[in-house]
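Residue numbers (UniProt numbering): 1 to 201. Even for Gly, the Cβ is constructed at its ideal location relative to N, Cα and C. The structure presented is a predicted model; accordingly, all values stated were derived computationally and were not measured. Data first, discussion second: the structure below is written as structure tokens.
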């Protein structure tokens, strides 16, 4: 038996092994929201040779909102509803906290049509314009994003959410989609294009 003074690796257990999978690493899930039942289902994509089988992680069920301020603040009385979900939201599931990192095109378009507060491009552009009145925020955004290289919606969302703009990642994606709709042809959206579009409106 190994004592605290003599690690078990000295006895050859795991000695020289290089594990392919770090179980402490963040895991990825696919979260599906069912509007009619106001319920959530969670699926974990399989990862070969990881020890994690993947598959259905949570059956379709209503999620009870959390009382923790670090988690999602639901507008419903007892369970999470559609308005509580956006890119960047944290939702409590089975004692864990899932962070919503991205959404598919259908979901983004549905949220814009439905008037979701985080998907409203007019509100997001106005908030970003107000934040860009601070030269320090402009400098940090320019440092965080390539000025003339093609920009992705996720990169802009992450940058505006982390640079003290007061916007969520989803609002950054809404700004990107707003600017992309105004870019002619197949021209890429760049940081310079976003800044010009937001500041010149």
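Judged by their CB atoms, residue 147 and residue 187 are not nearer to each other than the 7 Å cut-off.
Put simply, of 179, 135, 127, 184 the residue whose alpha carbon is nearest the alpha carbon of residue 161 is 127.
Residue 135 sits in a helix when the DSSP states are folded into three classes. According to DSSP, residue pairing for residue 106 in a beta bridge does not occur. Going by C-alpha positions, residue 177 is about 17 Å away from residue 149. Secondary structure of residue 188 (DSSP, three-state): coil. Looking at the DSSP output, residue 96 sits in a beta bridge with 93. Comparing C-alpha distances from residue 85 to each of 94, 96, 65 shows the shortest one belongs to 65.
In the assembly as shown, residue 111 is a buried residue. Its beta-carbon has 16 or more other beta-carbons within 10 Å. Under DSSP, residue 43 forms a beta bridge with 30, 56. Distance from the CA of residue 61 to the CA of residue 94, rounded to the nearest whole angstrom, comes to 11 Å. A residue is called buried once 16 or more other Cβ atoms fall within 10 Å of its Cβ, and residue 163 is buried on that count. DSSP places residue 152 outside both helix and strand once states are collapsed to three, so it counts as coil. Within the same chain, 141, 144, 145, 172 come within 8 Å of residue 159 by CB-CB distance, once the 5 residues on both sides are set aside.
Here the alpha carbon of residue 30 sits roughly 26 Å from the alpha carbon of residue 180.
The C-alpha of residue 92 is placed about 15 Å away from the C-alpha of residue 26.
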